[in-house]
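Chains A and B supply the protein sequences, listed in that same order. Numbered by this note's numbering, the letters in the first sequence go through residues 1 to 240 in order. Numbered by this note's numbering, the letters in the second sequence go through residues 1001 to 1240 in order. Reviewing the structure listed below.
Protein chains: 2
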Amino acid sequence: MTGQAAVSFHQRIYGDIERRVLNGELRPGDRIPSEHELMAVYGCSRMTVSKALTALAAAGMIERRRRAGSFVARPRIERTVMEIQDFAVEAARAGQSYAYRLLARRIERLAEAEGSAFPVPAGTEVLRLDGLHQIDGVVMALERRSVMLDAVPHARETDFTTTAPGRWLLQQVPWSDAVHVISADLADAATARLLGVDKGSALLVLDRETRQTALTITQVRLIHPAALYRFVGHFNPGNG
Amino acid sequence: MTGQAAVSFHQRIYGDIERRVLNGELRPGDRIPSEHELMAVYGCSRMTVSKALTALAAAGMIERRRRAGSFVARPRIERTVMEIQDFAVEAARAGQSYAYRLLARRIERLAEAEGSAFPVPAGTEVLRLDGLHQIDGVVMALERRSVMLDAVPHARETDFTTTAPGRWLLQQVPWSDAVHVISADLADAATARLLGVDKGSALLVLDRETRQTALTITQVRLIHPAALYRFVGHFNPGNG
DNA sequence: TAGTGGTCTAGACCACGGG
DNA sequence: CCGTGGTCTAGACCACTAT
């Protein structure tokens, strides 16, 4: 009964669940079948099921609670890089007020591939959103975002005047992956005015492209006054 | 025989090996006792030993090879963040020449805690190293480093005139962990001259403090011309 | 209280690859 | 060849907690 189909049994179980989570079939908070149920489904021992689920938990894809069951976890990105850019959370933690203010909203159809570092298929309909993140009235970031409407059609009817699109998108398309590029620049006149800093002052810039299975969902550029913002990351051999 | 001493058996095995690796008692490339040997040492079943070793392998701390055994892996930091800052590797990959040039070397004894973001115990003897990283003759970074001599005494007699201290330190003290802070700044006159850029141009700055079990090993500030350098990171829910 | 995950056992067969 | 890791079993007892 020892299935040896190139991949092991626990890898098969791991992969099946991983795929369903990445597909969006299973969403954060959803319950995963119990070990006993998976035993029956796959026709293997509980140890084997346990090995797969334990590995999924170690990878941060699911969370396991006694008596309750196993559940799809929130995306890891939300707990790492997002953590330092979720202004609402940061503000709340420090007892400060947070506000998002929409500056501009328009829908464009891309004639050519994007001029940025990220390639975008031409002809895609894109929702452009510019906005400011403010903490206690101070502008922490200028956000320039593009949302691919074929990937996230609901964005067309969503009101972003006071809701930051970042968190909304995370709820729409969980378990994406992302490429981050961090760079520095000088403030031009227009950017300086929006951020409330001097022209020529230093800026810390984060570009992020979020994808789901090779489909681009959104691109965002977060432009921070260097005096107000830095990125902090902790790395160790054990957990990256 | 089911040991239940607050931590489980496989956690105990995992922790013991992890500690020996972080202590430096086990160094990269060293062989770890086989599963059968660990069974005897801990008096438990092979499955339990296997669970610990499998988890260590998943965490990237060890590598396992059939017939050969299990071995301490190279630090993960070297494969993630370090990767984008190892100028020698980057240059070699692009077929370009790399050079490190030492600018200044001195030994100081700290009277007060460091003025930087990182706290450093006073009274520590510190080796200060300033140097330039050049690729094809172009300065990619100005490095200002402090090496704690109590943590790395060999640094006192080491020649850093052409050897970049980063790689050397990695070999001396493997399996450290680190905190990174990325920020942006404007070039003052002195820095601009060293980097070969205009005064007031944008700089991308990386501060890193490397530790080993709460003991600071080194602090480094890498100052990059923003026009020449950016940090790229890939994140996904599976592996961070 | 009952269901869930957490842990552990004492075996077993297999695949791989270094000696 | 044969020691090593890779996988799997069919149980078992326990800890936790939602109900």
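From the three backbone atoms N, C-alpha and C, an ideal C-beta is built for every residue, glycine too. Bear in mind that the values here come from a model prediction, so they are computed numbers and not experimental data.
For this session: Step through the CB atoms of chain A and report whether any lies within less than 9 Å of the CB of B:Leu1129.
Result: False, the Cβ-Cβ gap to chain A never drops below 9 Å.
Exercise. What's the call for A:Leu103, buried or exposed, on a 16-neighbour Cβ count within 10 Å?
Worked result: By the beta-carbon neighbour count (other beta carbons within 10 angstroms, threshold 16), A:Leu103 is exposed.
Exercise. Around the C-beta of B:Gly1015, are 16 or more other C-beta atoms found within 10 angstroms, so that it is buried, or is it exposed?
Worked result: Around the beta carbon of B:Gly1015, fewer than 16 other beta carbons sit within 10 angstroms, so the residue counts as exposed.
Problem set entry | Given 8 Å, three or more beta-carbon pairs between the region 62-75 of chain A and the region 127-145 of chain A | With a cut-off of 8 Å, the region 127-145 of chain A and the region 62-75 of chain A do not count as touching, because too few Cβ pairs lie within range.
Exercise. Tell me the DSSP bridge mates of A:Gly166?
Worked result: Answer by DSSP bridge pairing: none, since A:Gly166 is not bridged.
Exercise. Counting along the chain, where does the alpha helix (DSSP H) carrying A:Thr218 start and finish?
Worked result: Run containing A:Thr218: none in the alpha helix (DSSP H); it sits in the beta strand (DSSP E), Leu215 to Pro225.
For this session: Just the chain B side, please: which residues come within less than 8 Å of A:Ile217 by C-beta, in chain order?
Result: Correct list: empty, because the minimum Cβ distance to chain B is about 13 Å.
Problem set entry | Proximity winner among A:Val72, A:Arg145 and A:Leu149, relative to A:Arg109 (alpha-carbon distances) | Considering only A:Val72, A:Arg145 and A:Leu149, the residue with the shortest C-alpha distance to A:Arg109 is A:Leu149.
For this session: Could you please give the first and the last residue of the uninterrupted beta strand (DSSP E) stretch that includes B:Ser1183?
Result: Asp1177 to Leu1186 is the span of the beta strand (DSSP E), which, as asked, contains B:Ser1183.
Problem set entry | B:Ala1227: CB within 8 Å of a non-hydrogen atom of the ligand NAP | This structure does not include the ligand NAP; it has no bound ligands of any sort.
Exercise. Looking at the unbroken alpha helix (DSSP H) that takes in A:Gln96, where does it start and where does it end?
Worked result: From DSSP, A:Gln96 is part of no alpha helix (DSSP H); its letter is neither H nor E.
Exercise. Helix, strand or coil for A:Ala92 per DSSP?
Worked result: Collapsing the DSSP output to three states places A:Ala92 in a helix.
For this session: Using three-state DSSP, classify A:Ala141 as helix, strand or coil.
Result: Reduced to three states, the DSSP call for A:Ala141 is strand.
Exercise. B:Val1205 and B:Arg1145: beta carbons closer than 9 Å?
Worked result: With respect to the 9 Å criterion, B:Val1205 and B:Arg1145 are not classified as neighbours on the basis of their beta carbons.
Problem set entry | the region 1159-1169 of chain B contacting the region 1118-1134 of chain B, beta-carbon criterion three pairs below 8 Å | With the cut-off at 8 Å, the region 1159-1169 of chain B and the region 1118-1134 of chain B touch.
For this session: Please compile the residues from chain A whose C-beta is within a distance smaller than 7 Å of the C-beta of B:Ile1182.
Result: Proximity of chain A to B:Ile1182 at the Cβ level (cut-off 7 Å) is accounted for by Ile182, Arg230 and Phe231, in chain order.
Exercise. Any chance the region 35-49 of chain A sits against the region 88-101 of chain A, with 3 or more Cβ pairs inside 8 Å?
Worked result: Output reads no: the region 88-101 of chain A does not touch the region 35-49 of chain A.
Problem set entry | the region 1176-1205 of chain B: positions lying closer than 9 Å to chain A by Cβ | Contacts with chain A (Cβ-Cβ distance below 9 Å) from the region 1176-1205 of chain B involve Ser1176, Asp1177, Ala1178, Val1179, His1180, Val1181, Ile1182, Ser1183, Ala1184, Asp1185, Leu1186, Gly1200, Ser1201, Ala1202, Leu1203, Leu1204 and Val1205, listed in chain order.
Exercise. Among A:Ala99, A:Ser183 and A:Leu203, which residue has its Cα nearest to the Cα of A:Ala192?
Worked result: Of the candidates A:Ala99, A:Ser183 and A:Leu203, the one whose C-alpha sits nearest the C-alpha of A:Ala192 is A:Leu203.
Exercise. Mind checking B:Gly1196: buried by the 16 CB within 10 Å criterion, or exposed?
Worked result: By the C-beta density criterion, B:Gly1196 is exposed, having fewer than 16 other C-beta atoms within 10 angstroms.
Exercise. Distance, Cα to Cα, A:Ser201 vs A:Tyr229?
Worked result: Going from the Cα of A:Ser201 to the Cα of A:Tyr229 covers about 13 Å.
Problem set entry | Which of helix, strand or coil DSSP assigns to A:Ile13 | A:Ile13 sits in a helix when the DSSP states are folded into three classes.
Exercise. Using the rule of at least 16 other Cβ atoms within 10 Å of the residue's Cβ for burial, across every protein chain shown, is A:Pro121 buried or exposed?
Worked result: Around the CB of A:Pro121, fewer than 16 other CB atoms lie within 10 Å, so the residue is classed as exposed.
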